[in-house]
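To start, the structure under review is shown below, and the notes come after it.
Number of protein chains: 2
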Amino acid sequence: MLDLAILGLLHESPMHGYELRKQLSTKLGAIRAAISYGSLYPTLRRLQTAGWITEAGETPAGDADVPPLTSRRGRVVYKITAEGKERFQDLLAQVGPEAYEDAAFGVHFAFFSRTDVDIRLRILEGRRRKVEERREGFREVLARAAERLDAYTLELQRHGLDAADREVRWLEELIANERSGRTPQPRGAEGELRPSPRTTDSVRPLTARPGPDDSA
Amino acid sequence: MLDLAILGLLHESPMHGYELRKQLSTKLGAIRAAISYGSLYPTLRRLQTAGWITEAGETPAGDADVPPLTSRRGRVVYKITAEGKERFQDLLAQVGPEAYEDAAFGVHFAFFSRTDVDIRLRILEGRRRKVEERREGFREVLARAAERLDAYTLELQRHGLDAADREVRWLEELIANERSGRTPQPRGAEGELRPSPRTTDSVRPLTARPGPDDSA
DNA sequence: TACGCGATGTATCGCGCCGATACATCGCTA
DNA sequence: TAGCGATGTATCGGCGCGATACATCGCGTA
């Protein structure tokens, strides 16, 4: 699950571990807490051993300046390989039941702009089904076993029911959007992204490069 | 974290592992998925070694509505000890930062009927603060970095913001209830679950959520 | 009668991931 | 010139999950 997230981020641009963690935190902040280094570094090593990523030397040969980060210290910059990109696409398209789990669903969702629309729909529908089941579970408990639970446990069930209900509605909205061919909030052009990595930069794809960055 | 949950359930009545898991699933269903046996049994052994629980021989206590599960097989019924009850109270009152985490907060909340009101307030407020920070994180990302994130990531942030916002309001309601003294009567360890006559039941315990039934 | 089958029930194994911890350097400011 | 917080890499112990393996019981049915 981290594999997918890391490959996805490195697919956008090479990065070192610390930066990876920060980006991961904001990108997946709605889904999971900040990823621990105790997970990150072993995972990076695993990905490297498998050949999905490689270490890229600091200060690349190109004109890539990396202005505010110049410190030729022991920073290890990782870079996705061709096999890594393949692996990423494989993982993206793997729609097993585990892709409907809270965390895994969020990771998949976060990379939806790189996913085909039919896969997106499959995942959204699977997730909806799962949350619906969850919701029915709460309904049943509240209807059937209410009198043998204390007030706080009941309140917890109510809150869970409410959250599940809202998520189902959210998912239904997203599904309807997908079916009608719209992406959630298309601010820019309606450019469709194909999973081919070659020509993506022409259509203002994902992280639009903001240029040399003004200060915060 | 499982320790607290298991001790809490065994505090209510002795149980064997399978039953424990089922009860845990409904009681904490809003918080975490069903607990795995790969966690449950080792934890039970650990609790037993520590002396918090003991094995009790299979003997139906004769409580009226125990479902027909009588099979004189190798079922191991666990029972909380006096030290276990102490330990349970200790864990309940331990309000560290980890008690504000999603899962841990839910477990604490699920046993609020056994917790003192000041502890309850401390936990609710700590949790609120944490979720507020989370919420502000989303706000900042949406305000500051919106243009460099793709539509799906943005949608994830919005959903997260919405969920956090709702939870904050939920917590505020709960806190207000606690402060006004409208706390539900904690029911005993076993047996009676009558609505206590002396508290103001007319207001419906926590967040008044009128169900399909009438009010008595 | 025998068969299968799903629910009940206990238990282990590998491993992903977390939290704590330990270092080291950089840039700022008191 | 010393302290301090951010940046940065890395390991360790342990919790909890998912998969898996058994064994028994009740039940429908071939």
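Each protein sequence line maps, in turn, to chains W and R. So the first sequence is numbered by the UniProt record's numbering: it starts at 1 and just counts up by one. So the second sequence is numbered by the UniProt record's numbering: it starts at 1 and just counts up by one. Don't be surprised by glycine CBs; every beta carbon is placed ideally from N, CA and C.
Q: Could you have a look at R:A34 and say whether DSSP puts it in helix, strand or coil?
A: In the structure shown, R:A34 sits in coil (DSSP, three-state: anything other than H, G, I, E or B).
(Q) Let's see if you can read the secondary structure: which residues bound the alpha helix (DSSP H) around W:E140? (A) From DSSP, the alpha helix (DSSP H) with W:E140 extends over V117 to R144.
(Q) Does chain R have any CB closer than 7 Å to the CB of W:D165? (A) False, the Cβ-Cβ gap to chain R never drops below 7 Å.
Q: Flag R:D150 as yes if its beta-carbon sits less than 7 Å from any beta-carbon of chain W, otherwise no.
A: Cβ-Cβ to chain W under 7 Å: yes for R:D150.
Q.
Whole angstroms are fine: how far does the CA of W:A164 sit from the CA of W:R144?
A. So the alpha carbons of these two residues sit roughly 19 Å apart.
Q) Using 7 Å as the limit for Cβ to Cβ distance, is residue 280 of chain R near chain W? A) Because chain R here runs from 1 to 216, residue 280 of chain R falls outside it and cannot be looked at.
**Q.** Minimum Cβ-Cβ distance from R:Q157 to chain W less than 7 Å
**A.** Interface with chain W (7 Å Cβ-Cβ cutoff): R:Q157 is included.
Q) For chain R, is any of its Cβ atoms less than 7 Å away from the one on W:G126? A) Nearest CB-CB separation between W:G126 and chain R: not below the 7 Å threshold.
Q.
Can you tell me whether R:V168 is helix, strand or coil according to DSSP?
A. Of the three classes helix, strand and coil, the one that applies to R:V168 here is helix, per DSSP.
Q: Note down the Cα distance separating W:G137 from R:L28, rounded to an integer number of angstroms.
A: Going by the C-alpha atoms only, they are around 12 Å apart.
Q.
Taking the straight line between their C-alpha atoms, what separation do you get for W:E101 and R:R120?
A. When rounded, the distance between both Cα atoms is 31 Å.
Q: To the nearest angstrom, report how far apart W:L24 and R:G74 are at their CA atoms.
A: For W:L24 and R:G74, the gap between their C-alpha atoms comes out near 48 Å.
Q.
Can you pull the chain R neighbours of W:A5, defined as C-beta to C-beta under 7 Å?
A. Within chain R, no residue comes near W:A5; the closest Cβ sits about 12 Å away, beyond 7 Å.
Q | Residue range of the beta strand (DSSP E) that includes R:V77 | A | Bounds of the beta strand (DSSP E) holding R:V77 are V77 to I80.
Q. Taking Cβ-Cβ distances shorter than 7 Å, what residues in chain W pair up with R:R112?
A. Just to set this straight, residue 112 of chain R is Phe in the shown sequence, not Arg. For R:F112, the neighbours in chain W by C-beta distance under 7 Å run, in chain order, Y152.
Q) Per DSSP, what kind of secondary structure is W:E101 in: helix, strand or coil? A) Looking at W:E101 - three-state DSSP - the assignment turns out to be coil, as it is neither helix nor strand.
Q. Near R:P14, what residues of its chain come up, given a Cβ to Cβ distance below 6 Å and the 5 sequence neighbours on each side ignored?
A. So the list reads A56, V77 and K79, once near-sequence residues are dropped.
Q: Note the first and the last residue of the continuous beta strand (DSSP E) segment covering W:E55.
A: Looking at the DSSP string, the run of the beta strand (DSSP E) that includes W:E55 is I53 to A56.
Q: Buried or exposed for R:H108, please, with buried defined as at least 16 other CB atoms from any protein chain shown within 10 angstroms of its CB.
A: With 16 or more other Cβ atoms inside 10 Å of its own Cβ, R:H108 counts as buried.
Q) What is the rounded straight-line gap between the Cα of R:A104 and the Cα of W:G160? A) Approximately 15 Å, taken between the alpha carbons.
(Q) Could you tell me the alpha carbon to alpha carbon distance between W:D150 and W:R134, rounded to whole angstroms? (A) So the two alpha carbons sit approximately 21 Å from each other.
Q: Take R:E178 as the anchor and find which of R:R122, R:G51, R:D162 and R:L142 has the nearest alpha-carbon.
A: Here the closest residue by C-alpha is R:R122.
Q: Would you mind reading off the limits of the alpha helix (DSSP H) that contains R:E12?
A: R:E12: member of the alpha helix (DSSP H) spanning L2 to E12, first to last residue.
**Q.** Identified DSSP bridge partners for W:H16
**A.** Note: W:H16 sits in a beta bridge opposite W:V77.
Q) Skipping 5 residues on each side, what residues in its chain have a beta carbon closer than 8 Å to that of residue 219 of chain W? A) Nothing about residue 219 of chain W can be reported from this structure: the residues present for chain W run from 1 to 216 only.
**Q.** Of the listed residues W:R127, W:L44, W:E172 and W:A82, nearest to W:D3 (C-alpha basis)
**A.** Of the listed residues, the one whose Cα sits closest to W:D3 is W:L44.
Q | Euclidean distance between Cα positions of R:G8 and W:R114 | A | About 46 Å.
Q | Identity of the residue in W:A146, W:S180, W:E125 and W:Y152 nearest W:E167 by Cα | A | When each option's Cα is compared against that of W:E167, the closest is W:E125.
Q: Taking only beta carbons into account, state which residues of the stretch 79-103 of chain R come closer than 7 Å to chain W, listed in chain order.
A: Per Cβ criterion, the list is empty.
Q | Members of the stretch 12-33 of chain R near chain W, C-beta cut-off 9 Å | A | For the stretch 12-33 of chain R, which is checked against every Cβ of chain W, the residues closer than 9 Å are S25, T26, K27, L28, G29, A30, I31 and A33.
(Q) Going by beta-carbon coordinates alone, are W:G96 and W:I31 separated by less than 7 Å? (A) With a cutoff of 7 Å on beta-carbon distance, W:G96 and W:I31 are scored as not near each other.
(Q) Give me, in chain order, the residues of the same chain whose beta-carbon lies closer than 7 Å to that of W:E132; leave out the 5 immediate sequence neighbours on both sides. (A) The residues are V168.
Q) Buried or exposed: R:E86, going by 16 or more other Cβ atoms within 10 Å of its Cβ? A) The residue is exposed, with fewer than 16 neighbouring Cβ atoms inside 10 Å.
Q | Interface partners of R:F105 on chain W, CB under 7 Å | A | Scanning chain W for C-beta atoms nearer than 7 Å to the C-beta of R:F105 yields nothing, as the closest lies near 10 Å away.
Q: Please name the residue in W:L154, W:E172, W:E147 and W:I53 whose C-alpha comes closest to that of W:R128.
A: Closest option to W:R128, Cα to Cα, is W:E172.
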